[in-house]
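Each residue of the sequence shown is one higher than the last, beginning at 589 in the numbering used here.
From the three backbone atoms N, C-alpha and C, an ideal C-beta is built for every residue, glycine too.
First comes the structure, then the notes that go with it.
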Amino acid sequence: MNHLIEWNASCVDEQLTQLNVTPLEGYRPFDYLLYSDTLPRRNDGRISDRILNRYQHLYDGGWWCSGIDILTGKDDVWGCFKPVHPRIIGEHNKIIKYEHPPQTPTGIFALRVSKTIWERIAQRYDLTLSEKDIKPDQSDLGFWEWAIAHREIPLCITEGAKKAGALLTAGYVAIALPGIHGGYRVPRNEWGKRKGISRLIPQLEKLATPKREVYIVFDQDSKPNTIKAVNTAIKQTGYLLTKNGCSVHIVTWNSHFGKGVDDLILSHSPVAFDHAYETAISLAAWQALSFNRLTFSANIQVNQRYLSDLAIPQTAKLIGIKSPKGTGKTQFIEQIVQQAQKQGQSVLVISHRIRLVEALCQRFGLKYLQEKDPKSSPEQNPGYGLCIDSLHPGSRANFNAENWSDSIVIIDEIEQVLWHGLNSDTCRHQRVAILKSLKSLMQNVIGGQGKVVIADADLSDISIDYLLALAGVPQTPFIIHNEWKPQTEEAWSVSSYSGNTPKQLVKDLEQHIAEGGKPFVCLSAQKLASQWGTCTLETYFKTQFPNLKILRIDSESLADPTHPAYGCINQLNSTLKNYDIVLASPCIETGVSIDIKGHLTSVWGIAQGIQGENSVRQALGRIRENLPRYLWVATHGFNQVGNGSVSMATLLNCNHRLTRLNIRLLQQSDFASLDDLEMGFQAESLLCWAKMAVRFNASMSRYRESILTALKSEGHQILEVPLEKSPSQAHSTSNSKQNQNNKNSLRPSLSEMISAVRDQNYQAECQAISQAITIGDRQYQALQKKLLKTTPERRSQRKYELTLKYGIPITSDLIEKDDRGWYDQLRIQYFLTLGRPYLSHRDAAIAHRLIEQGQGNIFVPDFNRSQLGAMIGILELLGIPALIQNPQRELKNTDTDLQKITDIALRDRLAIKSIMGIGLAKNSSPIVVIRRFLDKIGYSLECLRLERHQKKRIRVYRIVEPDDGRLEVFQKWLACEPQSPGQLPPQTEQSLNAITTINSGKAEFQQLCFQF
């Protein structure tokens, strides 16, 4: 039978097909489909000729599929019919592949299952079936009763009966919807207008019981319009399932492996779906990652290795270019710049990295900000380039957006430029001014006679939506989308290393160098304290290969006139030919094209979880030659934005509540500047920040998988490198091999050698900083303005900053402690104890400065990061000051007061995460909770002994007060606090006693705090 062949091709068990699929022909399809009482009929009860004529094609036959009606427990009369010859409708000749009963509410496909499949599913979830479960001749009905009763069994929801059959066959409980929107109803009135909230259809609501895990398994389409529709359906269905108490996950896979789940299973076996199922992400994480997509329709869609001459209409105001790395985006933009210059238009280039904008300016024949006369105007100048940090009137550029209304604005790597402007520390003090200038620029250019050209290999809706929102004028973007993917011979071969550290990759890299290889190595870090950073690996490889030439490219070497890397960015193609090993930090992760061939032999990458996932991919793409790539990626990143949420609503909500709390605390200190404070500054900027933040957080939570999946989607081949066996696992029967192993075991391991190099370098640098020339205020101000600094200048600047922070002599030990976050720990403890009377003054002063810099406006994320009042209030609320005052006290999980502290902390973990940056598991014990809060001030716990308590052994702890000289710093800070006339600085004991009596307003603070 044809239907058996078709369903078998979708990997559906033949017995399951026979239970649910019926071949029909002649008049029989009409009996199955046209049963609704609301269908128009003749006086004799026969279906009207108009309806019968519409379904004439049914006479040629086809197959019918229906399952169980889980609401009634009977055979479902609703289903679908697939005709042999489908009808075609509309002016676009749309093919109707499946017919459903007209004028009848759609249902779900809960297919009948055989005993074999039922047992297979029960085995998957370690459940034992009894004779009561499987009733004679009713195994299909009993199966769904059993599945509903066992809410611990996850439910898969897909589209199309065959796909549900494929999932059931593979051992998953699965139902199918007749369409992506089939899981919910949207109430509408007689005119088709929405008249109420959406709701799940009754059949799905019965299956989606509270606390059940639900996996949405829709097709992986590649058409932008289809993707948009599928995303909308997932979002709405997922929201309603979540509202019903379910935990929703989204199953995705590479569309190259098959569009539907049945295609995936057919082409790559059920194991492929098992992997996709096991790596499914939460609905919130999926929504965050969906912000990577570009769903704007392309005006020009090509599939080219390199972008060629493409005609852009003169009327286009916002031009977006999405094209893979190394496909000539910059060269294409260069043509736009040349055309603008011929027409006498000024060109403004904006970037987020100095080296990138320098390289672009050189290529476009423009001056970089450092070279131009800040007093010159666009009329006197063909334009210039600058970092977004300088996009404000107070910068050296003296930037005025009104001067650029008829200019061409170029923003390459737009996604990273905007994120830098919205979130980087370097923009923090002028963020409001920068965002005001950016908005004014978009209004003047897009609303004037100019054009904005943006480009990115990862261009998404976020950037386009944001710039249009800033412009505030109706405008349809002109999109150029190059869908080119590397063919087999052009795709990268990426060897992916697993494991918890990159030591196996570094070992293989060392071997590659020893065999004559010339690698380009992309690293995440530059600082000397990093074990796998540029400085450490440079020293290590110099000791291993003293005759080889090594070039270290990072922010320090590029800015040091005495270093060989100085000035190399603009001539990398000629410079790199002189070196055997190149070690590069993220300073050249974007905007640099290294086109040399035949010199470098490989590209290596270590991604420790610091950069965004797109930055890692960008770094690997700087070398255009198709060399083998070797990559180690941390499983999870450790950077996060805000409270780390992957839900935009949660992130924005928490920011809003934290802002209210901080303002309330400032009001209690009679902070007058709040009267003129504008809280609603640029809602469009805050929304863009939130979208990019949750996208960043989501990629960090599954860092390795995000990077490897994105590389696969770019068309590259990922090869898993097997983990090396540890010495304890390795076994050799050969005596010579055993002797060699014994000799090798006497040598230090690779990690030990690199750690030794790091420690030696780091200690030397700390000593050099402590002994650096001491500079004054004027010298420091001059150094701050310098982009290019020698190593002695950089060390003197660091020493000056440390002196400002601590007020005590700068030693190597202090520098080490500062690098480990000592300042943040001391600052919290100081305002929790000795400096508590001055906390409100400190927060008010910083708030005043932010408001002054923003001319009455604040950017909410920056404002919240700047305030300490809520953090100190939480610690007081939990009684941390009383605990650290009594370090001799013994602590146990059974202590009543510790249990109360834990109850408060766990009552709203989201508030703790948002205010303190501390993530607590739901089942955290009192000791774990106390330890996490003590970590914030550098205190710890030590276990004293084990005791028996009600037949259980419990640990007894004591607080360990750090002996690190912090009291000297506190006294220095205290002496600098503002005093009333004749008032002496409060003594330590008096201040500590004052803390225990601060009870007024505590209830109000608790209420405010836990409104998250």
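Asked, Found
"Helix, strand or coil at Arg787 according to DSSP, with G and I counted as helix", "strand"
"Check whether Ser1190 and Leu1215 have beta carbons under 7 Å apart", "yes"
"Contiguous beta strand (DSSP E) assignments of at least 3 residues, all confined to the stretch 816-843", "835-838"
"Residue range of the unbroken beta strand (DSSP E) whose run includes Gln889", "888-890"
"Classification of Gln1447 by the beta-carbon crowding that lies within 10 angstroms, buried from 16 upward", "Before going on, a small fix: residue 1447 reads as Phe here, not Gln. Burial call: buried."
"Unbroken stretches of the beta strand (DSSP E), 3 residues or longer, contained in the stretch 899-939", "906-910, 935-939"
"Residues near Trp595 in its chain [Cβ-Cβ closer than 7 Å; skip 5 each side]", "Thr605, Val609, Lys750, Gly753"
"Contact between the stretch 1435-1447 and the stretch 1496-1510 (3+ Cβ pairs under 8 Å)", "no"
"Residue nearest to Leu1047 in terms of C-alpha spacing, selected from Ser885, Phe1129, Arg1140, Lys1024", "Ser885"
"Distance between Phe731 and Trp706 (C-alpha atoms, nearest Å)", "7 Å"
"Where the beta strand (DSSP E) through Phe1521 begins and ends", "Unbroken run through Phe1521 is the alpha helix (DSSP H), 1514-1523; no beta strand (DSSP E)."
"Same chain, Cβ closer than 7 Å to His863, neighbours up to 5 away in sequence not counted", "none"
"Thr814 (DSSP reduced to helix, strand or coil)", "helix"
"Residues that Ile763 bridges to, as DSSP identifies them", "Ile745"
"Sequence ranges, alpha helix (DSSP H) only - wholly within the stretch 1079-1131, length at least 4", "1091-1102"
"CB contact below 7 Å: Gln1413 versus chain D", "Although the question refers to chain D, the structure presented lacks it and comprises just one protein chain."
"Presumed contact (8 Å Cβ cut-off) between Leu895 and Gly916, rounded CB distance", "5 Å"
"Cut-off 8 Å between Cβ atoms - residues of its own chain near Ile869, not counting five sequence neighbours on either side", "His837, Ile838, Thr840, Leu877, Ala1286, Arg1290"
"Ile763 to His673 span [Cα, whole Å]", "27 Å"
"Pick from Gly748, Glu687, Ile1002, Pro689 that is closest to Leu699, judged by C-alpha positions", "Gly748"
"Three-state secondary structure assigned by DSSP to Cys1276", "helix"
"Given Leu948 as reference, the closest of Gly971, Gln933, Ile639 once Cα atoms are compared", "Gly971"
"Cβ distance (whole Å) where Trp1192 is taken to contact Leu1097 below 8 Å", "5 Å"
"Simplified DSSP assignment, three categories, for Leu1456", "coil"
"Where Asp1013 falls: helix, strand or coil (DSSP)", "helix"
"Range of the contiguous beta strand (DSSP E) that encloses Asn1349", "Careful: Asn1349 lies outside any beta strand (DSSP E), inside the alpha helix (DSSP H) at 1338-1358."
"Proximity to Ala1147 [Cα-Cα], best of Ile1042, Arg941, Leu1508", "Arg941"
"Distance between Arg1019 and Lys960 (C-alpha atoms, nearest Å)", "Legend: pLDDT at Lys960 = 48, less than 50; position of this residue unreliable, value from coordinates given subsequently. For Lys960 and Arg1019, the distance between alpha carbons rounds to 24 Å."
"Buried versus exposed, by CB contacts within 10 Å (16 or more), Asn1015", "Sequence inspection shows Cys at residue 1015; the Asn mentioned does not correspond to that position. With 16 or more Cβ atoms within 10 Å of its Cβ, Cys1015 is classed as buried."
"Beta-carbon proximity check, His680 vs Gln889, cutoff 7 Å", "no"
"Alpha carbon of Leu1555 to alpha carbon of Asn986, nearest angstrom", "45 Å"
"Residues bridged to Asp1000 [DSSP beta-bridge criterion]", "Ala1043"
"Cutoff 7 Å; reference Ala783; Cβ partners in own chain excluding five residues on either side", "According to the sequence displayed, residue 783 carries Lys and not Ala. Pro775, Arg776, Asn777, listed in sequence order."
"Under the three-state DSSP convention, the category Gln1255 falls into", "helix"
"Cutoff 6 Å; reference Arg675; Cβ partners in own chain excluding five residues on either side", "His645, Ile684"
"Cα-Cα separation, Tyr686 to Phe669", "6 Å"
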